[in-house]
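Numbering (this note's numbering), first residue to last: 2 to 579.
We put the CB at the ideal spot given by N, CA and C, even for glycine.
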Amino acid sequence: MENTMTKQIGYDRRLNELLSEATELLHAHANGNTEALSRIRTYHPEYSNATNDDVPDSTFDENAAQLVIAREYGFATWVQLKVFVGTENTDYTFESLACLVYDQSDRPSNWQRARDLLTEDAGLATANIWAAACAGNAAVVCDFLKEDPSLVHQRGGYFDWEPLLYACYSRLGQGSTLEVARVLINAGADANAHYMWAGQYRFTALTGAFGEGEMGPINQPEHEACTELATLLLEAGADPNDSQALYNRMFTEGTSVLELLLKYGLATNDRNKWLLEEDGKLVEHSEGTLFYQLRFAIDNHHVERARILIDHGTQLEDIPETGQSLYELALLRGHPDLADYLVEKGARKSEVSNIDQFVGAIAAGDKTVAQTLFDSDADLVRQTEEKYPSLVIDAAASNQLDAVRTMADMGFSMDRLTHRAPLHEAAWSNHLEMVKLLIECGADLGVRDQHHAATPLQFAQTGGNPELAEYIATCDVDVFDAVAGNNEERLRYLIAENKELLEARFRIYRQDDEAHPLDWQTPLAFAATCGQLEMMTVLISMGADADISNDEGRPLIDIAKDQGNNEVTEILQQEDTA
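Next comes the structure, spelled out in C-alpha cells:
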C-alpha cells in the first residue's frame with residue numbers, strides 16, 4: 002500500500018458515510034462491477050495478485066470491503082480510519098487518554114484522567130500488551146511476548162497500533178515506557194513502525210518520541226526520556242528522515258532534534274514524507290526536508306537552526322512558489338547578517354524593493370531607515386499591508402516588541418486578521434508583554450479566529466498559558482470571555498448593563514458570515530459545554546434559560562450527557578425540575 006495512490010479524506014467525514022461506501026463496494030463486488038473489482042485488487046492485500054476474473058468468485062465480506070475503503074484513504078486498517086473520523090459518542094479509554102492523539106483534544110488533563118482510571122482499576126495496565134506498553138509496564142510486556150512472540154508486530158488496542166507506538170506516544174508519566182521500547186526493540190519490533198494521520202501524514206515511533214506540534218509543548222510535550230528513546234530507535238534502524246518529527250519540533254526554539262537526526266544520516270537529498278493533495282489524489286512531496294526546515298527557520302527567526310542547516314549543505318535555491326531568494330527572506334525578517342551569510346554560502350543576492358527594505362528595517366529595529374522610507378511615501382503602509390497582510394501577526398508571534406510598537410506608531414492595523422489576529426498569536430505564544438502592548442495600541446480583545454471562532458483569551462487557555470489567560474480575563478472582555486475566564490464580576494457587570502446579553506447568541510460575536518457550530522450557544526450553553534460549573538450557577542441565578550437546543554434540535558442537557566460531564570448534567574437537571 003505504501004506506493005499506492007490514495008485519496009484525501011478531509012476533516013468533516015462521518016462514520017455512516019464511510020460505512021455506506023463499504024456497503025456500496027460490497028454490492029458492486031457481488032454484481033461483478035469492473036471498477037470495483039479493480040479497486041479491490043489494488044487496495045486489499047489478499048487480492049493483489051488476483052485478476053479481475055478471480056475476484057468475483059472469491060469470498061468478499063463486510064470486513065474486507067471496509068479494509069479497502071480504509072486503504073483507499075491511506076489508513077492501514079478500518080479501525081484506524083474509525084478512530085480518526087470519530088463518533089458522536091466517543092468512549093474514552095485508558096489508552097486513548099494516555100497517548101498523544103495529535104488533534105485539538107491533546108491536553109495534560111487527559112493524562113491525568115488516564116492516571117485516575119489506572120488508580121481505580123490497576124488491571125487496565127495488564128489487560129493486554131498494548132495497554133501494558135502504554136502504561137510503561139515492561140515486565141508485563143515481557144510476559145506477553147514470552148507467551149506469544151508475534152505480538153511484537155501485531156496491531157491492537159484503541160488506536161490499532163503496534164505496541165511500540167503506544168510506548169512512544171504515551172504521556173502517562175508512570176512506569177517506564179523507555180524500558181518497554183527497549184524490550185520491544187530487542188524482541189524485533191520495527192523501529193520504523195508508524196501510522197498515517199488522516200491517511201496523509203506519517204507519524205512514526207520516532208515522531209512520538211520527539212513530540213510537540215501545532216498544539217504546543219504544554220499540550221503535546223516530548224517523551225519524558227526523549228533523547229534516550231530517540232537514540233534507541235535510531236540505533237535500531239529508524240529512518241532519520243523523519244520530516245513529521247522535524248515539523249512538529251520546528252515551532253519552538255532549539256536544535257537538538259535536528260542535530261540528532263543529522264548525526265544519524267538525515268541528508269540533503271531527503272524529501273518530506275507527508276503527502277500532498279493534487280487533483281483529488283494524494284501524491285508524494287517533492288520538497289527537500291532540510292530546505293523546508295531552512296525556509297521556516299529563516300521565516301521564524303530561528304537563526305542558529307538556520308546556520309546549522311546552511312552549514313550542513315542544504316540547497317540554497319529560491320523559494321519555488323514565490324521566486325523569492327533566501328537572502329531576501331532573511332532581510333525581510335530583520336536578519337541582515339544571516340542574509341549576507343546565505344549569499345556567502347551560495348544563495349542568490351536579489352534586488353530588494355522599497356517595501357521590502359521598509360519591512361526589513363522595521364524587523365531589524367532600524368528605526369532610522371524605516372522612518373526615512375515612511376516619510377518618503379505616504380502610501381507605504383497601505384502598500385505594505387497589502388503585500389504582507391500577516392506582518393503584524395508574525396511580529397506578535399515572535400515577540401518583536403519594538404517592531405510592533407513602530408508599526409503601531411506608523412498606522413498599521415493591530416487587528417489585521419488572516420486566519421488569526423496579532424493578539425491570538427501573542428496569547429498562544431505566552432508573550433504577556435506583547436499582549437499588553439497590543440491592548441495598549443487598541444487591539445480588539447474580542448477578535449475571533451476564522452477556524453475556531455476563538456478569542457485571544459481562549460488561545461491562551463488552549464496554549465497552556467494560565468497566567469496570561471488570567472490577565473486577559475481581567476480586561477474588558479465580552480460576555481462569553483467572561484464565562485471562559487471565570488470572571489464573575491465582569492459577567493455580572495455586563496449583564497447588569499444589558500439584560501439581553503443573558504440570552505445572547507454566540508453568532509453575534511463573530512465577524513464572518515459563515516455558519517459555525519457554536520452559533521446557537523448562549524452564555525449558559527457555552528459555560529455548560531466548557532464545563533464552567535461556577536459560571537453556570539451564576540448565570541442560572543441571574544435567570545438564564547436552560548431549556549435551549551442546538552441548531553439540530555438537540556437539548557443542552559442531552560449534549561452534556563453526550564460529553565459525559567455528570568456535574569454539568571446534574572446542574573441542568575436540577576434547573577429542569579425547579
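Limits of the unbroken beta strand (DSSP E) element including Y202: Here the beta strand (DSSP E) through Y202 covers 202 to 205.
Can you confirm whether the stretch 27 to 39 touches the stretch 290 to 307 when touching is taken to mean that 3 or more C-beta pairs between the two stretches lie within less than 8 Å? The stretch 290 to 307, when compared against the stretch 27 to 39, does not touch it at the 8 Å Cβ threshold.
Could you tell me if Y167 is buried or exposed, where buried requires 16 or more neighbouring beta carbons within 10 angstroms of its beta carbon? Y167 comes out buried.
If you follow the beta strand (DSSP E) that M6 is part of, which residue opens it and which one closes it? Neither: M6 is in no beta strand (DSSP E) and is coded neither H nor E.
In the DSSP assignment, what are the bridge partners of L276? The secondary-structure analysis by DSSP pairs L276 across a beta bridge with E285.
Quick check on L573: buried or exposed, where buried means 16 or more other Cβ atoms within 10 Å of its Cβ? Around the CB of L573, 16 or more other CB atoms lie within 10 Å, so the residue is classed as buried.
Check the Cβ-Cβ distances between A65 and every residue of chain D, and say whether any is below 9 Å. Checking the listed chains, one finds no chain D in this structure; it contains a single protein chain.
Report the rounded CA-to-CA distance for L424 versus Q105, giving the unit in angstroms. Note on geometry: alpha-carbon atoms of L424 and Q105 lie some 20 Å from one another.
Within 10 Å of its beta-carbon, does T523 have 16 or more other beta-carbons around it, so buried, or fewer, so exposed? Buried, since its Cβ has 16 or more Cβ neighbours within 10 Å.
Here's the rule: buried if 16 or more other CB atoms are within 10 angstroms of the residue's CB, otherwise exposed. What is L525? By the 16-neighbour rule on beta-carbons within 10 angstroms, L525 is buried.
Smallest Cα separation from T323: which of D380, A444, S351, R114? T323 has its Cα closest to that of S351, out of D380, A444, S351, R114.
Indicate whether the contact test is met: 3 or more Cβ pairs, each with one atom in the stretch 463 to 470 and one in the stretch 504 to 523, closer than 8 Å. Short answer: they don't touch.
Which residues mark the beginning and the end of the alpha helix (DSSP H) in which W198 is found? Counting along the chain, no alpha helix (DSSP H) covers W198; the unbroken beta strand (DSSP E) around it starts and ends at 195 to 198.
Sequence-distant residues of its chain with Cβ nearer than 8 Å to E501 (five each side left out): Nothing meets the Cβ criterion.
Complete runs of the alpha helix (DSSP H) confined to the stretch 221 to 277 [at least 4 residues]: Whole alpha helix (DSSP H) segments, 4+ residues: 227 to 236, 244 to 250, 257 to 264.
Quick one: Cα of I496 to Cα of V539, how far? The straight-line gap from Cα to Cα measures roughly 11 Å.
Cα-Cα separation between T94 and E288, rounded to whole angstroms: T94 and E288: Cα-Cα distance of roughly 38 Å.
Could you tell me the distance, in whole angstroms, from the CA atom of Y74 to the CA atom of M197? Cα-Cα distance, rounded: 10 Å.
Which residue marks the beginning of the alpha helix (DSSP H) containing T315, and which one marks its end? Counting along the chain, T315 falls outside any alpha helix (DSSP H), and DSSP gives it neither H nor E.
Helix, strand or coil at C100 according to DSSP, with G and I counted as helix: In this structure, C100 counts as strand in the three-state DSSP scheme.
Beta-carbon gap between A206 and N193 smaller than 9 Å: Between A206 and N193, the C-beta gap is smaller than 9 Å, which places the two residues in contact.
Closest residue to L68 among T78, R296, D62 (Cα-Cα distance): Selected option, being the one with the closest Cα: T78.
As a quick exercise: from E229, A364, D552, V393, pick the residue whose alpha carbon is nearest that of E180. Among E229, A364, D552, V393, the Cα nearest to that of E180 belongs to E229.
Quick test of your reading: M408 and I363, contact by CB under 8 Å. State the CB separation rounded to the nearest angstrom. With a Cβ gap of about 6 Å, M408 and I363 count as contacting.
From L492 to V484, what does the alpha carbon distance come to, in whole angstroms? Each residue's Cα considered, the two are about 7 Å apart.
Measuring CA to CA, which of N138, V80, S97, T178 is closest to R156? Of the candidates N138, V80, S97, T178, the one whose C-alpha sits nearest the C-alpha of R156 is V80.
Would you identify the three-state DSSP class for P518, choosing helix, strand or coil? The three-state secondary structure of P518, taken from DSSP, is coil.
Three-way DSSP call (helix, strand, coil) for S377 in this model: In the structure shown, the three-state DSSP call for S377 is helix.
Does the beta-carbon of V284 have 16 or more other beta-carbons within 10 angstroms, so that it is buried, or is it exposed? Its Cβ having fewer than 16 others within 10 Å, V284 is exposed.
Let me know the secondary structure DSSP gives S110 once reduced to three states. Here S110 sits in helix by DSSP.
Give me, in chain order, the residues of the same chain whose beta-carbon lies closer than 8 Å to that of I400; leave out the 5 immediate sequence neighbours on both sides. What sits at residue 400 in the sequence shown is Asn, not Ile. A427, S430, H432, E434, M435.
Got a sec, what are the start and stop residues for the alpha helix (DSSP H) F460 sits in? Membership of F460 in the alpha helix (DSSP H) is indicated by the continuous run 457 to 463.
If you measure between the beta carbons of L458 and A444, is that distance less than 9 Å? L458 places its beta carbon 9 Å or farther from that of A444.
Out of M411, V382, L118, which one is the CA nearest neighbour of D357? Measuring from the Cα of D357, the nearest candidate turns out to be V382.
Buried or exposed: where does S377 fall if 16 or more other Cβ atoms within 10 Å of its Cβ makes it buried? Classification of S377: exposed, given that the 10 Å Cβ count is below 16.
Of all the options G447, E553, N567, E489, which has the alpha carbon lying nearest to the alpha carbon of Y510? It is G447.
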